[in-house]
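As structure tokens, the structure follows; a few thoughts come after it.
In this note's numbering, the protein residues as written are 510 to 693.
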């Protein structure tokens with residue numbers, strides 16, 4: 510037998526070194542698990558307050574005449590956290606416009622059609638979970654509502670919004686309907 514193994518302190522030192530290496534491996538493994546768990550908790554926390562914005566068109570028709578009698582556009586938050594509206598962009602026939610009056614000017618409305626409407630502020634607002642904000646109401650101006658209703662396929666709206674964690678999303682209303690996606 511070798512002289513090394515005959516000395517008890519050498520055997521003890523080797524055992525302590527082996528135990529230390531095992532403890533280091535366990536610590537590294539635990540740290541990796543804790544990092545992964547922390548990442549999952551962050552994803553879970555973000556999902557627990559994710560806003561899901563939708564644009565809803567409310568329209569009503571007279572059952573006898575089949576004419577439009579009510580028309581509103583409403584932004585609703587169907588998610589579980591507040592949505593901060595960062596930017597709203599509107600295009601009419603592929604051209605960006607600043608407001609609804611730009612659209613009406615492009616439509617060349619007949620002089621007999623008044624261009625008054627009820628609008629709500631949407632840019633830089635916060636829509637709470639379950640809350641809805643009417644941002645265009647043409648119910649009091651049915652003549653204009655009918656023209657906008659017929660032209661809706663030419664109007665595209667994009668809304669950029671964010672969660673309380675700063676995660677950004679974009680919702681788009683076009684002739685294809687409403688789409689919602691997360692931005693990187």
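By construction, the Cβ of each residue, glycine as well, lies at the ideal position given by its N, Cα and C atoms.
Burial state of residue i, where buried means 16 or more other Cβ atoms lie within 10 Å
| i | result |
| --- | --- |
| residue 572 | exposed |
| residue 609 | buried |
| residue 654 | buried |
| residue 625 | exposed |
| residue 647 | buried |
| residue 709 | Since the first residue of the chain shown is 510 and the last is 693, residue 709 is not available in this structure. |
| residue 543 | exposed |
Euclidean distance between Cα positions of residue i and residue j
| i | j | result |
| --- | --- | --- |
| residue 607 | residue 599 | 7 Å |
| residue 545 | residue 689 | 28 Å |
| residue 638 | residue 591 | 5 Å |
| residue 691 | residue 557 | 15 Å |
| residue 628 | residue 661 | 17 Å |
| residue 553 | residue 670 | 20 Å |
| residue 619 | residue 565 | 28 Å |
| residue 515 | residue 521 | 11 Å |
| residue 584 | residue 641 | 6 Å |
| residue 512 | residue 518 | 12 Å |
Neighbourhood of residue i by C-beta distance below 8 Å, restricted to the same chain and skipping five residues each side
| i | result |
| --- | --- |
| residue 555 | 672, 674, 676 |
Beta-carbon separation (whole angstroms), residue i vs residue j, contact threshold 8 Å
| i | j | result |
| --- | --- | --- |
| residue 594 | residue 534 | Contact flag wrong, Cβ pair sits at about 50 Å. |
| residue 657 | residue 580 | 7 Å |
Beta-carbon proximity list for residue i, same chain, < 7 Å, skipping 5 on both sides
| i | result |
| --- | --- |
| residue 663 | 601, 602 |
| residue 587 | 561, 563 |
| residue 589 | 557, 558, 559, 638 |
Contact test: residue i Cβ vs the ligand GDP heavy atom, cutoff 6 Å
| i | result |
| --- | --- |
| residue 572 | For the structure depicted, the ligand GDP is absent and the ligand set is empty, with no information on it obtainable. |
Does the count of Cβ pairs from the region 608-615 and the region 666-686 closer than 8 Å reach three? Segment contact: the region 608-615 against the region 666-686, fewer than three CB-CB distances shorter than 8 Å; contact not assigned.
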